[in-house]
Amino acid sequence: GNPRRQDSVVNVGCPSNCQPLSNTAGSETNVVTKIVASDAVGCDTQHANCGSSTLTAIDTTSKAHATTIQGSRSVLTFSADPGLDDGDTIALGAEVTGGTTEELATMRGVFP
C-alpha cells in the first residue's frame, strides 16, 4: 500500500540526485520544506543560498486614523526585495513598537 499517500512520481534531491518518494512503511521520504522568513528570502531549490530582507520602516501616517480595515493602509519598507506577492500575509506581532495607539493597531492588524 501507500501508508503516507506520498506520490511516487514526485522526486526529491534534484537536480543532482533525483529519487522518487518512498512509501515503504517506516522509511517514508522526509520532504524538507522551508517557510519564507526575513532570514530566508530567495532560497534556491535546495533551501540554501538564502538572502535576508528586514523591515526597515513602517508608514501608517497617511491613514493612521482609519476606523475600518478598508480605510487603512500601511507602507512597509524592506532592506531588500522580500519576494512578496499580492495576497501574501505579513505577521509583525507585538515586537513592533512606536507611534500612537491607532498607528500600533494598524501595524499589528488589530483595530481598537
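Under my numbering, the residues of the sequence shown are numbered 1011 to 1122, in order. No residue lacks a Cβ here, since even glycine has one placed at the ideal position from N, Cα and C. Since the model is a prediction, treat every value here as computed from it, not as a measurement.
Beta-bridge pairing of residue i - partner residues as DSSP gives them
i        : result
Gln-1029 : Val-1022
Asp-1069 : Val-1085
Val-1051 : Gly-1061
Residue environment, residue i, which counts as buried when at least 16 other CB atoms sit within 10 Å
i        : result
Ser-1063 : buried
Thr-1111 : exposed
Thr-1034 : exposed
Ala-1074 : Bear in mind that the predicted position of Ala-1074 carries a pLDDT of just 48, short of 50, making it unreliable; the figure below should be weighed with that in mind. Answer is buried; the Cβ neighbour count reaches 16.
Euclidean distance between Cα positions of residue i and residue j
i        : j        : result
Leu-1065 : Gly-1093 : 13 Å
Thr-1107 : Val-1046 : 23 Å
Leu-1086 : Ile-1100 : 10 Å
Asn-1021 : Gly-1052 : 21 Å
Met-1117 : Val-1019 : 44 Å
Glu-1113 : Asp-1069 : 9 Å
Phe-954  : Thr-1043 : In the structure as shown, the chain begins at 1011 and stops at 1122. Residue 954 is therefore absent and cannot be evaluated.
Thr-1039 : Asn-1027 : 14 Å
Gly-1097 : Ala-1104 : 22 Å
Same chain, Cβ closer than 8 Å to residue i, neighbours up to 5 away in sequence not counted
i        : result
Gly-1023 : Gln-1029
Ser-1048 : Ser-1062, Ser-1063, Thr-1064, Leu-1065, Pro-1092
Minimum C-alpha distance to residue i - residue among the options
i        : options                                : result
Gly-1109 : Asp-1096, Phe-1088, Asp-1098, Ser-1084 : Ser-1084
Ala-1090 : Gly-1103, Ala-1067, Gly-1097, Asp-1098 : Ala-1067
Sequence-distant residues of the same chain with beta carbon closer than 7 Å to residue i, five excluded per side
i        : result
Gly-1119 : none
Asn-1059 : Cys-1053
Ser-1032 : Glu-1038, Thr-1039
Sequence-distant residues of its chain with Cβ nearer than 6 Å to residue i (five each side left out)
i        : result
His-1057 : Lys-1044
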